[in-house]
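Contents: one structure, followed by commentary.
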Amino acid sequence: METIDYIKEEIKRLYETNPSIHVSVKAAQPKATVKNMPAIITGAYKCIFQIKEGANGRYRNHTFQYNDVLVGQIVIDEIGYKPLANPTKKK
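Residue numbers (my numbering): 126 to 216.
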């Protein structure tokens, strides 16, 4: 199974069985850095998935591509997938 297919299947499995996850995000556009934030998968579709994260009653909805997990811009602890390289790290 290809890596992107593995990521899709794992996210869909989590969505259907236990959508509560812990997510770390490091994205340049929009600038966002979150470490180990509790979140809920609210949708898993062919090319994207959606999460709701937040605390203290202030929730934010985010949409990501599965490719974001593949390249390491988003890390879902429950999947256990770690990218080989860090694309956001400057050389």
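Don't be surprised by glycine CBs; every beta carbon is placed ideally from N, CA and C.
- Message: Can you tell me whether ILE204 is helix, strand or coil according to DSSP?
- Response: As a working mapping, residue 204 is identified with position 79 in the sequence shown. Here ILE204 carries a coil assignment [DSSP, helix/strand/coil].
- Message: Within the continuous alpha helix (DSSP H) that includes TYR170, where are the two ends?
- Response: Taking the sequence shown and counting its residues from 1, the one referred to as residue 170 is at position 45. Neither: TYR170 is in no alpha helix (DSSP H) and is coded neither H nor E.
- Under the rule that 16 or more other beta-carbon atoms within 10 Å means buried, what is ILE173, buried or exposed? By one-based count along the sequence shown, residue 173 stands at place 48. With fewer than 16 other Cβ atoms within 10 Å, it is exposed.
- Task: Tell me GLN175's beta-bridge partners as DSSP assigns them.
- Result: What you label residue 175 is simply residue 50 of the sequence shown in a count that begins at 1. GLN175 is bridged to GLY168 and THR188.
- Message: Can you give me the C-alpha to C-alpha distance between LYS216 and LYS151, rounded to a whole angstrom?
- Response: Along the sequence shown, read from residue 1 onward, the residue named residue 216 stands at position 91. Along the sequence shown, read from residue 1 onward, the residue named residue 151 stands at position 26. Confidence at LYS216 is low in this model, with a pLDDT of 48, below 50, so its placement is unreliable and the value that follows should be read with caution. The alpha-carbon separation between LYS216 and LYS151 amounts to approximately 17 Å.
- Please report how far the alpha carbon of VAL148 lies from the alpha carbon of ILE166, in whole angstroms. One-based indexing of the sequence shown puts residue 148 at position 23. One-based indexing of the sequence shown puts residue 166 at position 41. Rounded to whole angstroms, VAL148 to ILE166 spans 10 Å at the Cα level.
- Message: Quick check on the DSSP output: the alpha helix (DSSP H) that includes GLU127 runs from which residue to which?
- Response: For the purposes of this step, residue 127 is taken as the residue at position 2 of the sequence shown. Counting along the chain, GLU127 sits inside no alpha helix (DSSP H), nor does DSSP assign it H or E at all.
- Task: Output yes or no for whether 7 Å exceeds the beta carbon distance between GLU135 and ILE204.
- Result: Reading the sequence shown from its first residue, position 10 is the one you call residue 135. Reading the sequence shown from its first residue, position 79 is the one you call residue 204. It is a contact, given that the beta carbons lie within the stated cut-off.
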